[in-house]
DNA sequence: ATCCAGGTCCCAG
DNA sequence: CTGGGACATGGA
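Right, dumping it as C-alpha cells:
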C-alpha cells in the first residue's frame, strides 16, 4: 500500500505516510484534463471535477489532503481512482532496471496512472487527436458546461462531464461551435453509437433483438472494457475518431489495461532517442514498447511521456 | 507567415 | 495491409 493511515477531517481526508503520489506529476502528466493548479499562498494545490464532485488535492511532506471527500467515498471510489491499490515501489523497481527508464522514473517519481471513467476518457482522447493539451482541456470544459450536470461548490459553479444520454442531445454544429474543429463529427458519431447500444441494452429486457441489433450491442463501453487486450483495442477502433493511439489511451486510463502502450509524438521521440527504435512506423514502435515493458507498458509509457514532454526532448 | 499539437480518415497502389 | 495528404483551430 502506498499510504499508511487515513484520517477523516471536517472537509476531507488526510492520507499519511504517502509514497509515490505527487499531485503535480499525477495531474500534469497528460492523462487527465479536468484538474487545474489553484495554488494558495504558495502551497501547491490542484482542483478537479471527478465522478460528479469537485475535489482539491495538496501535498505537504508525506501527507496528502483530499478536500471534499469523505472516508466512505474514498473507500468506495477515489482509492481506486487514484490507483492506490497498486504498489508503485514494486513497479518502479522493475522499470528502473532499464537504465534509460531510470531517468524518466526519477523525473516523474510521483506519477500514478488514474482509473478514470471510460466515456469521459473516450471523448477526451478523441478530442486530443492532433491537438494541444490546453485546447483539449478547454474543449472538455465547454462540453461539460453545455451538457453536464451543474455542481455548486465553495461558492462557485462547476459542471460534471455529461453522460452519454446528456451528450447525445448535442448536434455536430453545436459541438463545432465549442471550438473542437473537425473532431465535432467524431464525437457526435461516437456518442450516437454508444447511445444506440445503451438503448438496445434496455430494450433487450423486454423484447427479442434482431441479429443486426445484437451486433450494435457490442458498441457498449462496459462490454468492450471486459474484452481481452487485443479484442478491446480493435473494438474501440470501431468508434469514429478512434485509432490505435486513442484506443490505447482509453484502455490504459479507464479500463485498467496497463499493457497498452499509446504512441504519440513524444513517446515516439523518446523511443527513437533512447532505444534507437526505427522512426516513423508507429505500430512498430508500439509493439517494440510492449516487447520491452510487457504488462507494465502503459505505466512505463507514462513516465516516458511526462519526461519527454516536460524536457522537450528533441531528435535531430 | 509557416509550423505544430497525446492522430484519424480516406484513398491509391 | 501500408504509405501519404487533408483536416479545424489557434498559439508560437
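Residue numbers (our numbering): 5 to 320.
We treat Cβ as the ideally placed atom computed from N, Cα and C, and that holds for glycine.
Only a predicted model underlies this, so the values are computations on that prediction, with no experimental measurement involved.
Nearest to residue i by CA position, among the options, is which residue?
i           : options               : result
residue 103 : 279, 290, 312 and 178 : 279
residue 163 : 275, 124, 70 and 95   : 124
residue 117 : 314, 308, 315 and 317 : 308
residue 65  : 7, 119, 42 and 186    : 7
residue 295 : 275, 33 and 153       : 275
residue 3   : 27, 98, 70 and 56     : Limits of the chain in this structure are 5 at one end and 320 at the other, which puts residue 3 out of reach.
residue 220 : 230, 203 and 232      : 203
residue 146 : 316, 155 and 179      : 179
residue 183 : 196, 223, 139 and 213 : 139
residue 94  : 314, 317, 315 and 303 : 303
residue 316 : 301, 277, 281 and 87  : 277
residue 290 : 258, 259 and 237      : 237
residue 129 : 215, 223, 110 and 187 : 187
residue 122 : 281, 286, 223 and 31  : 223
residue 265 : 281, 259 and 293      : 293
residue 196 : 225, 210 and 214      : 225
residue 286 : 257, 249 and 229      : 249
residue 257 : 229, 288 and 63       : 229
Assuming residue i and residue j are in contact, meaning their beta carbons sit under 8 Å apart, how far apart are those beta carbons, in whole angstroms?
i           : j           : result
residue 157 : residue 171 : No, residue 157 and residue 171 are not in contact; Cβ-Cβ is about 22 Å, not under 8 Å.
residue 25  : residue 114 : 6 Å
residue 89  : residue 96  : Residue 89 to residue 96, Cβ: 16 Å. No contact.
residue 48  : residue 27  : 7 Å
residue 169 : residue 199 : 7 Å
residue 86  : residue 55  : The Cβ separation is near 12 Å, so there is no contact.
residue 191 : residue 127 : 6 Å
residue 159 : residue 29  : That belief does not hold up - the Cβ atoms of residue 159 and residue 29 are roughly 29 Å apart, past 8 Å.
residue 35  : residue 306 : 7 Å
residue 141 : residue 297 : Their Cβ separation, rounded to whole angstroms, is 28 Å, which puts residue 141 and residue 297 out of contact at 8 Å.
Between the C-alpha atoms of residue i and residue j, what's the straight-line distance to the nearest angstrom?
i           : j           : result
residue 105 : residue 227 : 34 Å
residue 185 : residue 137 : 15 Å
residue 234 : residue 241 : 11 Å
residue 208 : residue 255 : 27 Å
residue 79  : residue 5   : 14 Å
residue 166 : residue 153 : 7 Å
residue 174 : residue 148 : 11 Å
residue 177 : residue 189 : 9 Å
residue 217 : residue 101 : 50 Å
residue 314 : residue 181 : 31 Å
residue 63  : residue 213 : 52 Å
residue 251 : residue 282 : 22 Å
residue 161 : residue 10  : 29 Å
residue 91  : residue 110 : 17 Å
residue 231 : residue 33  : 27 Å
residue 210 : residue 239 : 27 Å
residue 215 : residue 284 : 41 Å
Tell me which same chain residues have a C-beta within less than 6 Å of the C-beta of residue i, skipping the five on either side of it?
i           : result
residue 193 : 244
residue 12  : 75
residue 108 : 307, 308 and 311
residue 253 : 129 and 266
residue 39  : 31, 50 and 52
residue 70  : 16, 17 and 61
residue 77  : none
Residues in the same chain with beta-carbon distance under 7 Å from residue i, minus the five sequence neighbours each way, listed in chain order, please.
i           : result
residue 68  : 19, 22, 25 and 61
residue 260 : 119
residue 288 : 282
Here's a check: name, in chain order, each residue in its chain whose Cβ is nearer than 8 Å to the Cβ of residue i, leaving out the five neighbours to either side.
i           : result
residue 72  : 15, 16, 57, 58, 59, 60 and 157
residue 301 : 262, 263, 264, 265, 293 and 294
residue 205 : 221 and 224
residue 155 : 53, 56, 57, 58, 161, 162, 163 and 164
residue 320 : Legend: pLDDT at residue 320 = 46, less than 50; position of this residue unreliable, no value from coordinates given.
Exercise. Do three or more CB pairs link the segment 239-258 to the segment 130-148 at distances below 8 Å?
Worked result: Under the Cβ criterion (8 Å, minimum of three pairs), the segment 239-258 counts as touching the segment 130-148.
For this session: Assess, as a yes-or-no matter, whether the segment 298-318 is touched by the segment 256-270 under the definition of 3 or more beta carbon pairs within less than 8 Å.
Result: yes
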